[in-house]
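Below: one structure, written as structure tokens.
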Amino acid sequence: MIGTTSRAPLGRAAAAAAAAIAWTGTAAAAAPRTSVRTMACRSSSQPADATPSPPLDKIPSTSIRILRTVPAVRLWRRPHALDRRLVALVPTMGALHRGHEALVRAAARENHHVVVSIYVNPAQFGAREDLGSYPKTWDADCALLRRLDAELADDGSNLGRVSAVFAPSTPEMYPSGFPGQEPDSHGSFVTITPVGTLLEGRSRPTFFRGVATVCLKLFNVVTPDRVYFGQKDVQQTVVVRRMVRDLRLDTDVVVCPTEREADGLALSSRNVYLGPRRRAQATVLHRALRAAERAFAEGGRRDRAVVLGAAKAVVRDALAAQMALPPARRVVFEVDYISLANPDTMEELDEVDPARGGILSGAIKMLPVEEPQPGEDLGHSGGPAVRLIDNLILDPIQT
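In my numbering, the protein residues as written are 827 to 1225.
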């Protein structure tokens, strides 16, 4: 994975079918590839959700501090800087799962102290997105960290453990007031262009502005030696890496491989929205990207038409199979994009240079179940539309 040490009714279904094969636009020339870092991350199971608890100074039965203000974090951080102890940050929005756990494990292997931030950043949600229904599972998150910290204590291969959770409020993170989620909002922002305007940025115009802004705030508050991200949000890692380099931030960006379910679905806090029916079909994006990966690996022509054509066929066949079913049984989805991009700029490639590789990525929207059955589990919050993303790295081919 890329890192750095530069530190509906039938009418809706038919419309979805017509719009499903949507692909990214024109290609751009490849840029030289910067340094890459990968890590293998270990993980274990996720606890059940629970009702949020009142604020605490520590997670019960642990030494993990709960820090809710910027001064509290800086007071906690100061002696570790003086003692030259390495501090890692794992930024999250809560609803922790096995993927987050893997990031914490990776951070504990390399650093004396691990800080996990839990903050649902409103700036990462568009004006019509799911901020209000985003899962908030404070007790479950604390239970996961408590169990994980105990396991880290018993594992002699780790340099450190989970030392603190930074769980700020929005007024703490936006002291001048939250500026809003519209593209023309006024406030203090970080924008990374053009990479932040491509792919996910085209579909969600304020998303990477929100990501970069909150990451810079977290980095300024925690001053981590290393920050840990998952490959699932690959464009996010490219944006953060660019920000760290361009703004001369003194931190290393480490990216760990995507954690997946047994059938290949990338772990995501949003998967709870799916419900069993849509969950069974949610692997279509991963299967499409795998088909494109095979087309690249088989040699011969490695141009855009061949590589993405393989993914397009998987999506077309999957959607056709669903449309042949009655509304009471089928699952309808739309393809936002499937991309073949430069690994450093996320700009589209006409052809993959085997010596440089590339990034296959995509996004689909699983539409709400058309005809729910009596008693059917539709997923968290009644099963709204769910946007799923995934990616695969096309590693350079050694000749």
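Beta carbons are placed, not taken as given, at the ideal position from N, Cα and C, and that holds for glycine.
Is the CB of residue 1031 under 8 Å away from at least one CB in chain B?
-> Although the question refers to chain B, the structure presented lacks it and comprises just one protein chain.
Under the three-state reduction of DSSP, which class applies to residue 1069: helix, strand or coil?
-> helix
By the 10 Å Cβ neighbour count, where 16 or more other Cβ atoms means buried, how is residue 937 classified, buried or exposed?
-> buried
Whose C-beta lies closer than 8 Å to the C-beta of residue 874 among residues of the same chain, with five residues either side of it excluded?
-> Its pLDDT being 38, under 50, residue 874 is placed unreliably by the model, and nothing is read from it.
Going by the beta-carbon positions, is the gap between residue 1273 and residue 928 smaller than 8 Å?
-> The question about residue 1273 has no answer, for the chain in this structure spans 827 to 1225.
How big is the Cα-Cα spacing for residue 846 and residue 1142?
-> Summary for residue 846: the model assigns pLDDT 46, below 50, so the residue's position carries little reliability; its value from the coordinates is reported in the next sentence. The straight-line gap from Cα to Cα measures roughly 8 Å.
Assign residue 926 to buried or exposed, taking buried as 16 or more other Cβ atoms, counted over all protein chains shown, within 10 Å of its Cβ.
-> buried
Could you check which residue in 900, 1115, 1150 has the C-alpha nearest to that of residue 1043?
-> 900
Kindly provide the ranges of any beta strand (DSSP E) runs that are 3 or more residues long and lie completely inside the stretch 914-957, ordered along the chain.
-> 939-944
Any idea which residues DSSP pairs residue 893 with across the strands?
-> 992
May I ask you to verify whether the stretch 1058-1075 touches the stretch 1114-1122, counting CB pairs closer than 8 Å and requiring at least 3?
-> no
Buried or exposed by the 16-neighbour rule on C-beta atoms within 10 Å, applied to residue 1027 | buried
Could you tell me if residue 1201 is buried or exposed, where buried requires 16 or more neighbouring beta carbons within 10 angstroms of its beta carbon?
-> exposed
Assign residue 1058 to buried or exposed, taking buried as 16 or more other Cβ atoms, counted over all protein chains shown, within 10 Å of its Cβ.
-> buried
Can residue 1151 and residue 1185 be called in contact, C-beta distance under 8 Å?
-> no
Residue nearest to residue 1156 in terms of C-alpha spacing, selected from 1175, 1171, 1108, 1167 | 1108
Anticipated Cβ contact below 8 Å, residue 942 with residue 918, distance rounded = 6 Å
For residue 1187, is the classification buried or exposed, using 16 other Cβ atoms within 10 angstroms of its Cβ as the cut-off for buried?
-> buried
Tell me, please, which residues DSSP counts as bridged to residue 1082.
-> 1056
In angstroms with no decimal places, state the Cα-to-Cα distance between residue 886 and residue 972.
-> 8 Å
On the three-state DSSP scale, how would you describe residue 774?
-> This structure cannot speak to residue 774, because the chain is shown only from 827 to 1225.
Please report how far the alpha carbon of residue 975 lies from the alpha carbon of residue 914, in whole angstroms.
-> 15 Å
Where do the ends of the beta strand (DSSP E) carrying residue 1098 lie?
-> Per DSSP, residue 1098 belongs to no beta strand (DSSP E) and is neither H nor E.
Kindly provide the ranges of any beta strand (DSSP E) runs that are 3 or more residues long and lie completely inside the stretch 955-1020, ordered along the chain.
-> 987-992
Give a yes or no on contact between the stretch 1174-1183 and the stretch 1201-1216, applying the rule of three or more CB pairs nearer than 8 Å.
-> no
According to the Cβ coordinates, are residue 979 and residue 892 closer than 8 Å?
-> no
Minimum C-alpha distance to residue 1071 - residue among 999, 1198, 1170 = 1170
For residue 1173, does the count of other Cβ atoms within 10 angstroms reach 16, so buried, or fall short, so exposed?
-> buried
Could you give the DSSP three-state label for residue 1226: helix, strand or coil?
-> The chain is shown from 827 up to 1225; residue 1226 falls before or after that span and cannot be answered.
One or two residues paired with residue 1161 in a DSSP bridge | 1190
Would you mind giving the Cβ-Cβ distance between residue 1031 and residue 1005, rounded to the nearest angstrom? I have them listed as a contact below 8 Å.
-> Actually they do not touch by this definition, with Cβ atoms about 14 Å apart.
Taking all protein chains shown into account, decide if residue 1093 is buried (16 or more other Cβ within 10 angstroms of its Cβ) or exposed.
-> buried
Determine, using beta carbons only, whether residue 952 and residue 1007 come nearer to each other than 8 Å.
-> yes
Do residue 1110 and residue 1077 have their CB atoms nearer than 8 Å?
-> no
In angstroms, rounded to a whole number, what distance separates the CA positions of residue 955 and residue 1037?
-> 15 Å
By Cβ distance below 6 Å, which residues in the same chain neighbour residue 1215 in space, the five residues on each side in sequence not counted?
-> 1189
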